[in-house]
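Taken in order, these protein sequences are the chains called U and D.
Take 1 as the starting number for the first sequence in this note's numbering and just add one per residue.
Take 1001 as the starting number for the second sequence in this note's numbering and just add one per residue.
Only one structure is covered here, and it is reproduced in the block below.
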Amino acid sequence: MLHPQTGSKPPRLGFTGICKSFGVVKALRDVSLDVRAGEVLALMGENGAGKSTLLKIMAGAYHADQGAITIDGVPQHFPTPLHARKAGIRVVYQEPDIVPGTTVAENIFIGELPRRAGRLVDWKRLNEDAAQLLSTFRFGQEIDPETIASDLTPAKRQMVEILRSLRQGLKVLALDEPTSSLSEAEAHDLFDLVRRLRADGVGILYVSHRMNEILGLSDRVAVLRDGSLVGVREAAELDQPQLISMMVGRALDSGMRKQRQANGATVLEVEGLTSEDVTDISFTLRAGEVVGLAGLIGAGRTELSKALFGALPRRSGRVRIAGQDVALRSPREAVDAGLVYVPEERKADGLFLERSVMENASIAILRRISPLRIIRKKEERRVVTEYTRRMRVKTPSLDQWIGKLSGGNQQKLILARWLATHPRVLILDEPTRGIDVGAKADVYALIDELAAAGAAILLVSSELPEILGLSDRIICLQAGRITATLDAQGASEEAVLREIMPRHL
Amino acid sequence: MRRLLNAIGPQNLSLLVALLVLVAIFGSLRPDAFFSPRNFTAILNAITILGIVAMAQTVVIISGGIDVSVGSIVGMASVVAALAMSSVDSAAVGILAAVAVGGIGGAVNGLLVTKGRVNPIITTLATLAIFQGVAYIVSNGKAIGVLNTDFNWIGAGRIAGVPMTVIVFSVIAVLMVYFMRATDMGRNIYAIGGNPNAARLAGIRLERYRVGVYTLTGLICGVAAVLLTARSTSGQPSSGSAGLELEAITAAFLGGCAMAGGRGTIVGTILGVLIIGTLNNGMLLMMVPNFYQLLAKGVLLLGAVMIMEFRTRRPA
């Protein structure tokens, strides 16, 4: 399915030397990449490799720290997403950006509704124009322009969003995991549309984890790893193992694993846990053991963690802690049973940004240190001092406002909060996300220390090197189910990726 | 001095300054009338009921909610207390009735907000009307006289020259400051207002706290109703609905509460109430017409909230 090359013509969309950092985290490093007119360029990479950041830069939602974007050789500058749209770039994210309460036709022509007699909407012309556009792309039979957009299936909503971009002189279309919520038949409709747009000369940037889909649809494949471009290959010359080996190969920069003796008693037993997002999950955790939970975004890692913690409802399944059946219907019950959860979203789910370091650290132990409901402030200071020291939280004072701490120190503070409750089971959800290298090394060392002290730890992470480097065993999650449990000793990134990547379609 | 500053709280310093500025202005314009023990007692006496209701409101706002039905709760509790005393001539019965009715009204609000999952403004707007309706129905729309002298003494009596109403207000103020600062419940109320998600994940039972906060507010409004009924020696169905809720909310925001919750202090609200009281008193002494007083209050609130917004936006 190769297409005639554009020869010496400039690319449809060109990235040159794009760099982007968020605080200390380098999301993109010197990325140069071309999307040609009339090709589908697949963009692949592990979670956090920088795909979304690149899409957001081309959409004008983020601004690159360095580097340039060109369209047909002309340098571009996108102060806002509107500028990118006007230049002919359209990015369709996983969740289509439609206005639910209005019709398909209104959604397609939003912002430019045809008018008559001044400010009145010309409904007749609007619906005719929409019908014409729909039938041009052979959706005339399937989508009625007068349908309310929220009544459409996810696939059709996506089509509507793509069609919306067509009337604005579409030059480059980026699709972010467009098939993740589509059925197979719907996905085929989408592929047809993509092929038609390609034939019309649109440059298409296609982000997906699904290898078969990528190899079948795209002309070339670009792979990002840790924010850098690993390489661009002709799709016809690639196979799955080659692709996987391009995506992996990162080294854990710090905190290499020490040998661990995980022969403690079984602390946590989960049997057949099923919730809205995960199905039939069974596993055990021993005292002194770190078990990694690997999966792509959307595999259900956070959902599983929250269901265990009682923060999301469970449909069925049994949980035992230290041999005792526990109901864990709410976070409170989980905390009381000795199971705690350090959330992925530090700001949204963990911190009280208006309050002091002290109050943030002691919130989970207030009941213990408040006989007759009156806080014993000396005891509070003593316990918080002990645990913030142990977690190496750097703060000028415990009465410091929490917002002044760095992300790494905030993360360590939340660890301190939970350790002060003396938990038996710790679920750590992306404990090193968005924190700097030094703080990461601290967190790795702390995880080791905690395991050595007898805690049972479930480590959720998108970073495979982190999982491989810290875990004793690795649970692989894919689409809400456990696909394999690997012994970390002999496991490789390839082996884990193979288990967590979608197999079909 | 340092301890006093700590007790007031550094964030409330600007309020204290604003209050002193107001005192200085009115004091220099009418030194004879303004600077007298009698006038200061009058200022305090005038703000006790508003002050008590505003402190209750502060707790709700800190917890991330709001209660616009507080005035109606006061009216309903006042009427029921007067009715109770007209059948059983006992001050204790009157006090108990007022506080109990207040607590029930608050609990209804709390249950509707949590179990019914209705937005707090809408819920309490509805109960504002409902409680007012109840007050008019049980009283037949008429004021109900209270003849019990023990009860009425709460409204007019003095101990060592200090009005009882001021004493009741002060006791509640001390208890509330202590409750919010020193107990785990106070801490948790700040937590659920500041970040309900994080609070739930930290093991705090949100619903229980929300119901509790509204109930507490109702109980405190019941106390305010006792003062009001005793002072006017009658249960008045309309007495609670004269804009009391709006003044209470104004004082709370003036005192540093944030609409989103998680921020505010009892001391700040008391200062807010004192500012409103001083402003009212000063303008009265200056014989500023009533309409202009309203105007001044509105401008004051806007100014205070804008300054606060400006100050909190500074850190990223």
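All residues carry an ideal CB built from backbone N, CA and C; glycine is no exception.
Host alpha helix (DSSP H) of residue i (start-end)
| i | result |
| --- | --- |
| F1151(D) | T1149 to A1156 |
| K86(U) | P81 to K86 |
| V1134(D) | P1120 to S1139 |
| L170(U) | No alpha helix (DSSP H) contains L170(U), which DSSP labels as neither H nor E. |
| S1090(D) | Counting along the chain, S1090(D) falls outside any alpha helix (DSSP H), and DSSP gives it neither H nor E. |
| E386(U) | K377 to R390 |
| A187(U) | E184 to A199 |
Proximity winner among the options, relative to residue i (alpha-carbon distances)
| i | options | result |
| --- | --- | --- |
| G50(U) | V31(U), V40(U), I375(U) and A59(U) | V31(U) |
| R433(U) | G454(U), A311(U) and L464(U) | L464(U) |
| M1286(D) | F1151(D), S1028(D) and L1004(D) | S1028(D) |
| L428(U) | K377(U), L312(U), R301(U) and R220(U) | R301(U) |
| I69(U) | K86(U), D34(U) and A42(U) | D34(U) |
| F1253(D) | P1237(D), L1201(D) and I1270(D) | I1270(D) |
| E430(U) | L458(U), S406(U) and R424(U) | L458(U) |
| S305(U) | T279(U), A287(U), Q324(U) and G323(U) | T279(U) |
| A59(U) | G45(U), H83(U), L415(U) and R36(U) | H83(U) |
| Q400(U) | L353(U), S245(U) and S370(U) | L353(U) |
| G88(U) | D97(U), F78(U) and E95(U) | F78(U) |
| M1164(D) | G1272(D), L1128(D) and D1150(D) | D1150(D) |
| S462(U) | L296(U), E177(U), L339(U) and A322(U) | L296(U) |
| N127(U) | G118(U), V223(U), I148(U) and R119(U) | I148(U) |
| S422(U) | I500(U), K378(U) and A334(U) | Note that residue 422(U) corresponds to His in the displayed sequence, not to Ser. Answer by Cα proximity: A334(U). |
| A1007(D) | G1141(D), A1173(D) and G1261(D) | A1173(D) |
| G1277(D) | T1250(D), G1262(D) and R1263(D) | T1250(D) |
| S356(U) | P81(U), F137(U) and Q410(U) | Q410(U) |
Spatial distance of residue i from residue j (CA atoms)
| i | j | result |
| --- | --- | --- |
| Y387(U) | A307(U) | 27 angstroms |
| K9(U) | C19(U) | 25 angstroms |
| V384(U) | N1012(D) | 27 angstroms |
| L419(U) | Y1136(D) | 56 angstroms |
| R417(U) | D219(U) | 51 angstroms |
| L2(U) | R196(U) | At L2(U) the pLDDT is 41, less than 50, meaning the model places this residue with poor confidence and gives no usable figure here. |
| F1026(D) | F1131(D) | 39 angstroms |
| A311(U) | E184(U) | 32 angstroms |
| L55(U) | F1310(D) | 35 angstroms |
| A1018(D) | A1258(D) | 19 angstroms |
| E345(U) | T266(U) | 29 angstroms |
| N1188(D) | E359(U) | 10 angstroms |
| D189(U) | F15(U) | 30 angstroms |
| P1120(D) | I369(U) | 32 angstroms |
| P313(U) | G1106(D) | 30 angstroms |
| R12(U) | V437(U) | 37 angstroms |
| L252(U) | L468(U) | Model confidence at L252(U) stands at a pLDDT of 49, short of 50, so the residue's coordinates are unreliable and nothing is read from them. |
| E493(U) | S245(U) | 9 angstroms |
| G73(U) | I57(U) | 17 angstroms |
| S1234(D) | S275(U) | 59 angstroms |
Beta-bridge partners of residue i, as assigned by DSSP
| i | result |
| --- | --- |
| Q324(U) | I321(U) |
| T284(U) | E269(U) |
| P75(U) | T70(U) |
| D176(U) | V207(U) |
| S1234(D) | G1145(D) |
| S21(U) | K26(U) |
| G292(U) | L459(U) and I474(U) |
| A42(U) | Y206(U) and V221(U) |
| D507(U) | What is shown of chain U runs 1 to 505, which leaves residue 507(U) out entirely. |
| W401(U) | S356(U) |
Residue i, enclosing beta strand (DSSP E) - first and last residue
| i | result |
| --- | --- |
| R346(U) | Segment R346 to D349 is the alpha helix (DSSP H) holding R346(U); no beta strand (DSSP E) there. |
| D34(U) | V25 to V35 |
| R220(U) | R220 to R225 |
| R481(U) | R481 to D487 |
| Y341(U) | L339 to V342 |
| R233(U) | S228 to E234 |
| I89(U) | I89 to V92 |
Nearest-angstrom beta carbon gap, residue j and residue i [assumed within contact, 8 angstroms]
| i | j | result |
| --- | --- | --- |
| N1280(D) | A1046(D) | 7 angstroms |
| A1202(D) | I98(U) | With a Cβ gap of about 36 angstroms, A1202(D) and I98(U) do not count as contacting. |
| I447(U) | F283(U) | Contact flag wrong, Cβ pair sits at about 18 angstroms. |
| A37(U) | G272(U) | Rounded, the Cβ-Cβ distance is 52 angstroms, inconsistent with contact. |
| M391(U) | I214(U) | Wrong, their Cβ atoms sit about 42 angstroms apart, outside the cutoff. |
| A495(U) | L486(U) | 6 angstroms |
Chain A contact residues for residue i, given Cβ-Cβ distances below 8 angstroms
| i | result |
| --- | --- |
| Y387(U) | Reference to chain A is not applicable here, since the protein chains of this structure are U and D. |
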